[in-house]
Amino acid sequence: MTGTPYTLSHLDALESEAVHIFREVAGEFERPVVLFSGGKDSIVMLHLALKAFAPAAVPFSLLHVDTGHNFPEVLDYRDRTVARHGLRLHVASVQDYIDRGVLRERPDGTRNPLQTVPLTEKIQAEKFDAVFGGGRRDEEKARAKERVFSLRDEFSQWDPRRQRPELWNLYNGRHAPGEHVRVFPLSNWTELDVWQYIAREGIELPEIYFAHEREVFRRAGMWLTAGEWGGPKDGETVEKRQVRYRTVGDMSCTGAVDSDAVTLDQVITEIAASRLTERGATRADDKMSEAAMEDRKREGYF
Amino acid sequence: MSTTTIDTLRFATAGSVDDGKSTLVGRLLHDSKSILTDQLEAVERVSADRGQAGPDLALLTDGLRAEREQGITIDVAYRYFATTRRRFILADTPGHVQYTRNMVTGASTAELAIVLVDARNGVVEQTRRHAAVAALLRVPHVVLAVNKMDLVGYAEREFRRIVDDFTRHADALGLSGFTSIPVSALVGDNVVDRSGRMDWYDGPALLEFLETVPVGAEATDAPARFPVQYVIRHGEVRHYAGQLVSGTLRVGDPVTVHPSGETSEITGIDVLGETAEAAYAPQSISVRLADQRDVSRGDMITTAAAGTPTLTRDVRAAVCHLAERPLSVGDRVLLRHTTRTVKAVVKDLGGHPELTTNDLGRIVLRTAEPLAVDDYAAVRRTGSFILVDPVDGATLTAGMVDLSSPPTTG
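Heads up: the sequence lines are chains A and B, in that order.
Position 99 of the first sequence, counted from 1, bears residue number 99 in the UniProt record's numbering, the numbering being contiguous throughout.
Position 4 of the second sequence, counted from 1, bears residue number 4 in the UniProt record's numbering, the numbering being contiguous throughout.
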């Protein structure tokens, strides 16, 4: 065939698909919400939502599950972003649940698994019927089985055996009252895609994603930030290192990596060359068991 | 390393039980260096715990607890890998349970399907079924991968016999053109690297073929089809937002809105916040029209120049039934086509009283409102639909519109 058929670059194709998903939800649901942690995936989601509905405002509010052990830089970023775009932010607080005695601190001090109850109760209380998550299928093998529209029952549970087949781009979001749908617009993105998109779009990120000097200590093969959340313990020594983060989560289980990457280009080069997955490098909670992610997802974790 | 300019191939795998599909997928991921250290370490750890000598590559793909416990694959999974030449999204469809519906699901978004055959068994019932699904879903490229060549002495005669056999079935199905590759997933022959053990084969290794097959063929010279997803209201202005599923739209184009049949003209196009003179499939865009029309989600905008879709309440289609519960004549269902959902009743199932899980068949539906459809063969996205259970919302059936099929006798 002659001529030059127009083909989208892969980032344009991913962007177009994600925007299509945002608009589907806007068209089909009553009360959608975007999970927003201040991490890079949720930042990209918000950016896509802003583009999907321009020049009008994003027709969704945001929801942050606050573990109480968040990086201060990230909370600051979250609040500035919400203010800049005039969005409404809901917060589900793990610390509240602990203070009220509903949840108990785990012996290992990690709060990631404790997020499930505040998250699912907030979804029920606010009657959210679609909850956007930044999950990508390349992250983890249980996530490789996740649908773009993923039905959760009234207990927010995921049952991988009872998922709806997903054909063409015909997403089926029908649900009974009390049920909701988790929606993953970044399903087909990889970590590298996210970074390349951030670079292309010039999206601002919290500083912790770039190399900086930080007081850290070694635990289970990772550099953890020293802080009031409970580290270091006896026998763990704090040192100053040049590090950055690949993911943002609870301070108790999100590790930093040694890095000199201070620009987006340097970060992309570093990730392209890395022989570790994002979570393998920096997430303690995924290593707890062979099926840790699947088990948490079944209970309603994102 | 820059990867911003390379394209993406979405492909699906199909194979019967024990054809070695998981091993092939594991081999593709492993030999293309797409497995990162921590993932491989996890597989090695579990393999060693079970007393296996080497890493079991099938563990790379069987991710769920029940799958590992039972050693089976439950449902479609999507795997990502990249080489320096191309990015890949693999719909990894299990051959075990409910194979047809899973392959239909995987094939619906695939530009290429790999049909895996065990060289010792040749073309079997399952192979014919996979070929039929690939033909039905009009997957643009099909690869016949004859696996376990190591177990038939790498013999050209065995390979030829299977290719000839498959060719006869493909011809009967109207499956135009496929590529045959002899491989051994276990040993690694012709998967990522060309094998030295089959001098008689001078074609590409599987990965080489995946890297070079043309993609993006769903042409922009197809007729323009723009299902309206959502109306963005900004002041007095209405922006009709959606994804252009085929063709091209330009400012100044005269358009028709379906099903109302009203006509107007495009006065503005926005591509995610930037104004543009033209838009191309599959861009997500929004358009403005010259006249204040009553246009809403579910409507479809087309240009007058290219062929218009068929407006009908009698939908004839080829289908694959997906759900556990059967589909019967007289059933009331919801039909989801592009962004539109309408009530429908099953009028005919090619003379059969019902379809059960994994059945392929022909269907006639009567819809409560007219739909603007195309033949699936002409435009995949405006020729496809799903049937949904109006009570519990389950996805029941996948459908491909076939306007040319003769009305079945009921």
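A virtual CB, placed ideally from N, CA and C, is assigned to each residue, including glycine.
Going by the DSSP bridge assignment, what does residue i pair with across the sheet?
i: glycine 15/B; result: Leu116/B
i: alanine 344/B; result: Val333/B and Thr367/B
i: aspartate 66/A; result: Ser93/A
i: glutamate 354/B; result: Ser328/B
i: phenylalanine 217/A; result: Leu224/A
i: isoleucine 89/B; result: Arg10/B and Tyr80/B
i: phenylalanine 385/B; result: His337/B and Gly399/B
i: methionine 300/B; result: Pro227/B and His258/B
i: aspartate 258/A; result: Val243/A
i: aspartate 314/B; result: Arg366/B
i: histidine 373/B; result: Residue 373/B is actually valine in this sequence, not histidine. DSSP output for valine 373/B lists Thr310/B as bridge partner(s).
i: valine 287/B; result: Tyr240/B and Ile269/B
i: histidine 212/A; result: Val243/A
i: phenylalanine 184/A; result: None, per the DSSP bridge assignment.
i: cysteine 253/A; result: The partner list for cysteine 253/A (beta bridge, DSSP) is empty, contrary to what the question assumes.
Indicate the three-state DSSP secondary structure (helix, strand or coil) for residue i in the structure shown.
i: tryptophan 195/A; result: helix
i: glutamate 156/B; result: helix
i: alanine 49/A; result: helix
i: leucine 35/A; result: strand
i: threonine 7/A; result: coil
i: threonine 237/A; result: coil
i: serine 32/B; result: coil
i: isoleucine 72/B; result: The predicted position of isoleucine 72/B is uncertain, since its pLDDT is 44 and thus under 50; a value taken from the coordinates is nonetheless stated next. Coil.
i: arginine 269/B; result: For clarity, residue 269/B is isoleucine in the given sequence; the question names arginine instead. Strand.
i: proline 160/A; result: helix
i: glutamine 39/B; result: helix
i: serine 16/A; result: helix
i: residue 420/B; result: Limits of chain B in this structure are 1 at one end and 410 at the other, which puts residue 420/B out of reach.
i: threonine 100/B; result: helix
i: glutamate 28/A; result: helix
i: histidine 175/A; result: coil
i: glycine 361/B; result: strand
i: asparagine 121/B; result: coil
If I measure Cβ to Cβ from residue i and keep anything under 8 Å in the same chain, skipping five residues before and after, which residues do I get?
i: threonine 105/B; result: Val76, Ala91, Thr93, Leu322 and Ala398
i: glycine 54/B; result: Ser47
i: valine 74/A; result: Ser37, Gly38, Gly39, Pro206, Ile208 and Val248
i: serine 108/B; result: Leu137, Ser384 and Ala398
i: tyrosine 97/A; result: Leu103, Leu114, Val117 and Pro118
i: alanine 23/B; result: Checking the displayed sequence, the identity of residue 23/B turns out to be threonine instead of alanine. So the list reads Leu57, Ala58, Ala185 and Leu186, once near-sequence residues are dropped.
i: glutamate 324/B; result: Thr357
In chain order, what residues of the same chain have a beta carbon less than 6 Å from the beta carbon of residue i, not counting five sequence neighbours either side?
i: arginine 133/A; result: Per the sequence shown, residue 133/A should be read as glycine rather than arginine. Leu35, Arg182, Phe184 and Phe302.
i: proline 390/B; result: Leu334
i: valine 345/B; result: Arg332 and Arg366
Can you give me the C-alpha to C-alpha distance between residue i and residue j, rounded to a whole angstrom?
i: isoleucine 203/A; j: histidine 69/A; result: 25 Å
i: serine 93/A; j: glycine 242/B; result: 36 Å
i: tryptophan 168/A; j: leucine 59/B; result: 28 Å
i: glutamine 292/B; j: phenylalanine 226/B; result: 18 Å
i: aspartate 31/B; j: lysine 145/A; result: 23 Å
i: arginine 316/B; j: arginine 104/A; result: 59 Å
i: histidine 141/B; j: arginine 160/B; result: 20 Å
i: arginine 233/B; j: alanine 56/A; result: 7 Å
i: isoleucine 35/B; j: isoleucine 266/B; result: 48 Å
i: phenylalanine 71/A; j: aspartate 79/A; result: 13 Å
i: alanine 279/B; j: tyrosine 197/A; result: 21 Å
i: lysine 343/B; j: alanine 368/B; result: 5 Å
i: threonine 382/B; j: histidine 337/B; result: 7 Å
i: threonine 263/A; j: glycine 101/A; result: 43 Å
i: glycine 51/B; j: arginine 45/B; result: 10 Å
i: lysine 127/A; j: threonine 120/A; result: 10 Å
i: leucine 371/B; j: arginine 238/B; result: 23 Å
i: arginine 120/B; j: alanine 131/B; result: 19 Å
i: arginine 23/A; j: tyrosine 230/B; result: 6 Å
i: alanine 26/A; j: glutamate 239/A; result: 48 Å
i: threonine 73/B; j: arginine 288/B; result: Unreliable positioning characterises threonine 73/B in this predicted model, as indicated by a pLDDT of 48, which lies under 50. A coordinate reading is not provided.
Skipping 5 residues on each side, what residues in its chain have a beta carbon closer than 7 Å to that of residue i?
i: phenylalanine 29/A; result: Asp129, Ala130 and Gly173
i: valine 19/A; result: Leu48, Lys51 and Ala52
- [ ] Taking only beta carbons into account, state which residues of the segment 309 to 322 of chain B come closer than 7 Å to chain A, listed in chain order.
- [x] Leu322
Open item on the list: Counting only Cβ-Cβ distances shorter than 8 Å, please list the residues of the segment 379 to 403 of chain B near chain A, keeping chain order.
Closed with: Arg380, Arg381, Ser384, Phe385, Ile386, Val388, Asp392, Gly393, Ala394, Thr395 and Ala398
- [ ] Please name the residues in the segment 83 to 102 of chain B whose beta-carbon is closer than 7 Å to at least one beta-carbon of chain A, in chain order.
- [x] Flagged, chain order: Arg87, Ile89 and Arg101.
Open item on the list: Beta carbons nearer than 7 Å to chain B: which residues of the segment 120 to 151 of chain A have them?
Closed with: Going along the segment 120 to 151 of chain A in chain order, one finds Arg137, Asp138, Lys141, Ala142, Ala144 and Lys145 with a Cβ nearer than 7 Å to chain B.
Task: Contact set between the segment 13 to 32 of chain A and chain B, restricted to residues whose Cβ is under 8 Å from the partner - done: Ala13, Glu15, Ser16, Glu17, Val19, His20, Arg23, Glu24, Ala26 and Gly27
Task: Positions along the segment 222 to 239 of chain B whose CB lies within less than 8 Å of some CB in chain A - done: Gln229, Tyr230, Ile232, Arg233, His234 and His239
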